[in-house]
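This report refers to the structure that appears directly beneath it.
Protein chains: 2
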Amino acid sequence: MIDFNRHPDGYHHWQLSIDGDVAHLRMNVDPEHAFKAGYELKLNSYDLGVDMELADSIQRLRFEHPHVKVLVVGSAQERAFCAGANIGMLGASSHPFKVNFCKYTNETRLSLEDASQHSSLKSICAINAACAGGGYELALATDEIHLVNDNNSAVSLPEVPLLAVLPGTGGLTRLVDKRKIRRDRADVFCTMAEGLRGKKAKSWGFVDEIWPKSKFADKVQDRAVELAKTVPDKQGNQAGDGITLEPITHERDGNTYTYTHVRVDVEPDGRLATLTVKAPEGEQPKNGEDYEKAGSSAWALKCYREIDDAILQLRFDHEEIGLVVLKTRGDRDAILQVENDLWADKDHWLVNEILLQMARTLRRWDLNARSMYALVDKESCCAGAFLEMTLACDRVYALEDDDVKFAIGPLSNGALPMSHGISRLENRFLSTPEQATKLASEPATHDVYDADEAGLVTFLLDDIEWDDEVRIALEERVSLSPDALTGMEASLRFGGNETCDSKIFGRLSAWQNWIFQRPNAVGPEGALRRFGTGSRPDYDARRV
Amino acid sequence: MIDFNRHPDGYHHWQLSIDGDVAHLRMNVDPEHAFKAGYELKLNSYDLGVDMELADSIQRLRFEHPHVKVLVVGSAQERAFCAGANIGMLGASSHPFKVNFCKYTNETRLSLEDASQHSSLKSICAINAACAGGGYELALATDEIHLVNDNNSAVSLPEVPLLAVLPGTGGLTRLVDKRKIRRDRADVFCTMAEGLRGKKAKSWGFVDEIWPKSKFADKVQDRAVELAKTVPDKQGNQAGDGITLEPITHERDGNTYTYTHVRVDVEPDGRLATLTVKAPEGEQPKNGEDYEKAGSSAWALKCYREIDDAILQLRFDHEEIGLVVLKTRGDRDAILQVENDLWADKDHWLVNEILLQMARTLRRWDLNARSMYALVDKESCCAGAFLEMTLACDRVYALEDDDVKFAIGPLSNGALPMSHGISRLENRFLSTPEQATKLASEPATHDVYDADEAGLVTFLLDDIEWDDEVRIALEERVSLSPDALTGMEASLRFGGNETCDSKIFGRLSAWQNWIFQRPNAVGPEGALRRFGTGSRPDYDARRV
Numbered sequence: 002m003i004d005f006n007r008h009p010d011g012y013h014h015w016q017l018s019i020d021g022d023v024a025h026l027r028m029n030v031d032p033e034h035a036f037k038a039g040y041e042l043k044l045n046s047y048d049l050g051v052d053m054e055l056a057d058s059i060q061r062l063r064f065e066h067p068h069v070k071v072l073v074v075g076s077a078q079e080r081a082f083c084a085g086a087n088i089g090m091l092g093a094s095s096h097p098f099k100v101n102f103c104k105y106t107n108e109t110r111l112s113l114e115d116a117s118q119h120s121s122l123k124s125i126c127a128i129n130a131a132c133a134g135g136g137y138e139l140a141l142a143t144d145e146i147h148l149v150n151d152n153n154s155a156v157s158l159p160e161v162p163l164l165a166v167l168p169g170t171g172g173l174t175r176l177v178d179k180r181k182i183r184r185d186r187a188d189v190f191c192t193m194a195e196g197l198r199g200k201k202a203k204s205w206g207f208v209d210e211i212w213p214k215s216k217f218a219d220k221v222q223d224r225a226v227e228l229a230k231t232v233p234d235k236q237g238n239q240a241g242d243g244i245t246l247e248p249i250t251h252e253r254d255g256n257t258y259t260y261t262h263v264r265v266d267v268e269p270d271g272r273l274a275t276l277t278v279k280a281p282e283g284e285q286p287k288n289g290e291d292y293e294k295a296g297s298s299a300w301a302l303k304c305y306r307e308i309d310d311a312i313l314q315l316r317f318d319h320e321e322i323g324l325v326v327l328k329t330r331g332d333r334d335a336i337l338q339v340e341n342d343l344w345a346d347k348d349h350w351l352v353n354e355i356l357l358q359m360a361r362t363l364r365r366w367d368l369n370a371r372s373m374y375a376l377v378d379k380e381s382c383c384a385g386a387f388l389e390m391t392l393a394c395d396r397v398y399a400l401e402d403d404d405v406k407f408a409i410g411p412l413s414n415g416a417l418p419m420s421h422g423i424s425r426l427e428n429r430f431l432s433t434p435e436q437a438t439k440l441a442s443e444p445a446t447h448d449v450y451d452a453d454e455a456g457l458v459t460f461l462l463d464d465i466e467w468d469d470e471v472r473i474a475l476e477e478r479v480s481l482s483p484d485a486l487t488g489m490e491a492s493l494r495f496g497g498n499e500t501c502d503s504k505i506f507g508r509l510s511a512w513q514n515w516i517f518q519r520p521n522a523v524g525p526e527g528a529l530r531r532f533g534t535g536s537r538p539d540y541d542a543r544r545v
Numbered sequence: 002m003i004d005f006n007r008h009p010d011g012y013h014h015w016q017l018s019i020d021g022d023v024a025h026l027r028m029n030v031d032p033e034h035a036f037k038a039g040y041e042l043k044l045n046s047y048d049l050g051v052d053m054e055l056a057d058s059i060q061r062l063r064f065e066h067p068h069v070k071v072l073v074v075g076s077a078q079e080r081a082f083c084a085g086a087n088i089g090m091l092g093a094s095s096h097p098f099k100v101n102f103c104k105y106t107n108e109t110r111l112s113l114e115d116a117s118q119h120s121s122l123k124s125i126c127a128i129n130a131a132c133a134g135g136g137y138e139l140a141l142a143t144d145e146i147h148l149v150n151d152n153n154s155a156v157s158l159p160e161v162p163l164l165a166v167l168p169g170t171g172g173l174t175r176l177v178d179k180r181k182i183r184r185d186r187a188d189v190f191c192t193m194a195e196g197l198r199g200k201k202a203k204s205w206g207f208v209d210e211i212w213p214k215s216k217f218a219d220k221v222q223d224r225a226v227e228l229a230k231t232v233p234d235k236q237g238n239q240a241g242d243g244i245t246l247e248p249i250t251h252e253r254d255g256n257t258y259t260y261t262h263v264r265v266d267v268e269p270d271g272r273l274a275t276l277t278v279k280a281p282e283g284e285q286p287k288n289g290e291d292y293e294k295a296g297s298s299a300w301a302l303k304c305y306r307e308i309d310d311a312i313l314q315l316r317f318d319h320e321e322i323g324l325v326v327l328k329t330r331g332d333r334d335a336i337l338q339v340e341n342d343l344w345a346d347k348d349h350w351l352v353n354e355i356l357l358q359m360a361r362t363l364r365r366w367d368l369n370a371r372s373m374y375a376l377v378d379k380e381s382c383c384a385g386a387f388l389e390m391t392l393a394c395d396r397v398y399a400l401e402d403d404d405v406k407f408a409i410g411p412l413s414n415g416a417l418p419m420s421h422g423i424s425r426l427e428n429r430f431l432s433t434p435e436q437a438t439k440l441a442s443e444p445a446t447h448d449v450y451d452a453d454e455a456g457l458v459t460f461l462l463d464d465i466e467w468d469d470e471v472r473i474a475l476e477e478r479v480s481l482s483p484d485a486l487t488g489m490e491a492s493l494r495f496g497g498n499e500t501c502d503s504k505i506f507g508r509l510s511a512w513q514n515w516i517f518q519r520p521n522a523v524g525p526e527g528a529l530r531r532f533g534t535g536s537r538p539d540y541d542a543r544r545v
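Chains as they are written, first to last, in the working numbering: chain H, 2 to 545; chain D, 2 to 545.
Structure follows, in structure tokens:
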């Protein structure tokens, strides 16, 4: 089991310091504190543990330090800004781990971009030395890249020439789609192990500013202060105080993980897991001020942080699980009340952060490389964002019963967008967009018959059919090829629109998955295995 | 060497008949005429040879039978409309062949959609019996799908449950992106080996019309006649006559293929091929009427048909070639004259077809899974669509010399769109769209210094550098991992916009490439190898 909780007091790899509205996060990877045994984290190279601290930092800046307007990401090491993902770690990892590692790091970088776009937290990357691979991909996720102009400091994506894999953390997509770098220059850059320095890096668009070494720290600081002035104050945050993010904990008893609002039951023999999410109980905050008082114990924040953790546990620790069954439980009205209150105060800084956290959690759910079926029965609480989670599933099985309801809340109207930028209702009704508009703009509780009529249900089953049909459906799903399902689900879940984010997960990840399987990368004579051995890789020259 | 020429007189697998403005193309695959030895084409299953005849039919309808307004695609066999790609063929094929086969069949289906969109040739699929896999993917590429309503005739995509691969000819993307079928229904459909029949197939949106068997032929024919009435007449085609498409021939002498306007020099040891394309010589047609007289010998048609053939030869017969070097030769003014004349008469039916053929050829070039470098020197003819081919390359090396020119013609302004719907200039200048607009809207001849300034050149080299730098560049490229380059190029070549076409090639193909490598599909215990043996596949259950 992986503990995803981190806290700045216990960071091994980053130094977080805050001065007024500018924060500095300096990478200083401890080579001895690798996440797994068997490799050393030299030259600020990173592994999952390093990225977990980065993800934690971004979360804490959002929630605990809302007065921070600019984050400067730098390095505390003289010789390296960041050497990228650790090669020893990649070479020694299983295919599923490599893919899940890349996905997690992508999600971390997207959370930085999300903070810039929606949380008034801008970021600057201050590259003081060599910056390679995943290091430069991290830079690409910030708003501005500043580079020391000297003979040593270069930005590079050396994965293709050195390792025969792609830059796996969204780099290629961010080059041409985010920074809109000319494709032939991107091509040249991605095949040069040594990368680009100084003026050329700037004139070709790979960095935004270059400064002499002697002035670098000052220039970056000046720019951070200036940039902070352009960032509006956060509503309801006059005092600048945040809340404290308490750790997410669960008890594990055999195959059951129990959180406060979430429960996971793993059935390894059936290759199934059931994710049960629970509506709020008891009094909940009514507005932003109340939420500030409640801190991270409020259901709206804690529940989704728990769901997030549960998804990660399943991804990393239960590769054999092919299907996640979603069950919702609790009081529909309680969820709708919470969501209506959140929506009414959505401009309040903390409410905004809570909504963004919900949205990110739901996107992580959409991107789960497992089949997902929702079961909606009499005990279900298919309301608001729990309905969104239901719609994110590949199929919705609903019991034909007067007590079964589907309640659309205020957040289904675009507040919780998918990776490709549209809502789950829009994504579901690509052929009848007016249906998406109608359902979202008139939040209402539908009985199961109406819900089925409206297109929210895949299979409506009566009492007599329910047990058998559901059991057979689950068994059938897990009997299919896990690989074919992953490719199929990635193709069917995201219709219509595309964004930089969805290109990263849909296109770039798919190519990387392929390359991660190919002998030219991972075979005994492949580049990933031969890197650092002194022997050159031996490639099968056939193009596909 | 594969001969891609086909002619209806020699078809083994299809029957083409034309009655007024409606054509019928009936699939009747001869089991004994497989493209390669080792499998039998039962139940109208197909292989590359079958698809080459389909591609030929569409081409001939466009050029030879321009009066045809509706194509009805059906089957001449009672028991099967089409069983999809032949499993024996897939199981016995190498990974590169499978991928190239899928790409070719995708391009064929896209040419049918292109004809509907741009050539006033609509299509109806008349499904008289079982229609599975690639058969249904063909149906998805038509404008309307009609299905016999009986107990046997179903549409299905059984690849995931039966073969552990994806429907490989664009099917998944067409379900959710073209037909906009609800994603949960698409999910159910793609996991049901038996598919959907009758009313359910229609109500879920998988077919457009269902008819009883007794009335099927008449109803489809009535609809075809009715649909034809809505299709406008083609300009300049009052008599309804077409031109004759003569075969494309080349002479092969060792590693050199010589066509009339195209030459390919393969250097297996260097893993290089040089594609040399030549501008027109002598008098060329001035307008649509002239082109009708000239027929398929006119440079504008013949040259691009030859390029198309050369690309296919390289793809299928030279897997070991990692880099294609583009050289353009001949008279710039001659190309510009031809293109200006074409553009001036672009609404003429044959001119329209010629322009569309050029556009399809250039898209096939963009989608080449090989590195592509353009060399522009004093002998080059970097003009018009040859400039487009140059811009399609991953890099442009140009000689610093007063005689080296880049001439933008009238077709660079959107007449030859890439798969993702934008022009090559727009794709190149994503960050400065005004630059794309300026260059395209004021066609002009630029010297190499201006061209470099304008962003058309990757590397400008002087006389002294040229030979060595180019040689090193070529050697370096072919030393890199072919797989990593394929993934990198697929990610960098297509920035910005996405379309159904680009999702098919970028996203769906990448997932399929991955799945085609995985033991669950192609291993000794995988579904593709075990299919038909009576033993069930044995899957590695780990999700990635």
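Positions of the beta carbon are idealized from the N, C-alpha and C atoms, including for glycine.
Since this is a predicted model, take the numbers as computed values, not measurements.
- Interface with chain H (7 Å Cβ-Cβ cutoff): D/D502 is excluded.
- Of the residues assessed, H/P233 falls on the exposed side of the cut-off, its CB having fewer than 16 other CB atoms within 10 angstroms.
- In terms of beta-carbon proximity, H/L493 lines the interface with chain D, with at least one pair separated by less than 7 Å.
- Residue state for D/H13 is assigned as coil, using DSSP reduced to three classes.
- Ranked by Cα distance from D/F64, the options D/T534, D/G171 and D/A295 are led by D/A295.
- Using a Cβ distance threshold of 7 Å, D/L376 and D/V339 do not count as a contacting pair.
- Taking the Cα positions, H/D468 is about 54 Å away from D/W366.
- Residues of chain D whose Cβ lies closer than 7 Å to the Cβ of H/L481 are, in chain order, V161, P162 and T192.
- Within chain D, no C-beta atom comes less than 9 Å from the C-beta of H/H447; the nearest is roughly 17 Å away.
- D/M373 is bridged by DSSP to D/V325.
- Per the coordinates, the alpha-carbon of H/P159 lies some 22 Å from the alpha-carbon of H/L55.
- If you ignore the 5 residues before and after D/V149, its C-beta comes within less than 6 Å of the C-beta of N129, K214 and F217, all in its own chain and listed in chain order.
- Note on H/M489: 16 or more other CB atoms within 10 angstroms of its CB, so buried under the neighbour-count rule.
- For D/R361, no beta strand (DSSP E) segment is defined; the enclosing uninterrupted segment is the alpha helix (DSSP H) at W350 to D367.
- Taking each of H/R364, H/I516 and H/K201 in turn and checking the Cα distance to H/A491, the smallest one comes out for H/R364.
- In the structure shown, the three-state DSSP call for H/V397 is strand.
- For H/V523, the closest Cβ of chain D is not nearer than 7 Å.
- If only complete runs of 4 or more residues are kept, the region 429-482 of chain D shows the alpha helix (DSSP H) at 434-442, 449-455 and 464-480, in order along the chain.
- Spanning the alpha carbons of H/A301 and H/L139 requires a straight line of approximately 30 Å.
- A Cβ-Cβ contact shorter than 7 Å links D/H68 with D/D22.
- Secondary structure at H/S120: coil, using DSSP grouped into helix, strand and coil.
- Runs of the alpha helix (DSSP H) lying entirely within the region 287-344 of chain D, each at least 4 residues long, are 289-295 and 300-318 in chain order.
- Between H/G323 and H/V471, the C-beta spacing is not below 7 Å.
- By the neighbour-count definition (other C-beta atoms within 10 Å, threshold 16), D/R530 is a buried residue.
- Listed along the chain, the chain D residues whose CB falls inside 8 Å of the CB of H/G323 are A542 and R544.
- For D/Y258, the uninterrupted beta strand (DSSP E) segment begins and ends at T257 to T259.
- The Cβ-Cβ distance between H/R110 and H/A81 does not fall below 7 Å.
- H/V30 and D/G331 have their C-alpha atoms some 59 Å from each other.
- In this structure the region 167-176 of chain D does not touch the region 221-240 of chain D; the number of beta carbon pairs closer than 8 Å is below three.
- Under the DSSP assignment, H/A131 falls in the beta strand (DSSP E) whose first and last residues are A131 to A133.
- Take D/S94, set aside five residues on each side of it, and the residues of its chain with a beta-carbon closer than 8 Å to its own are F102, in chain order.
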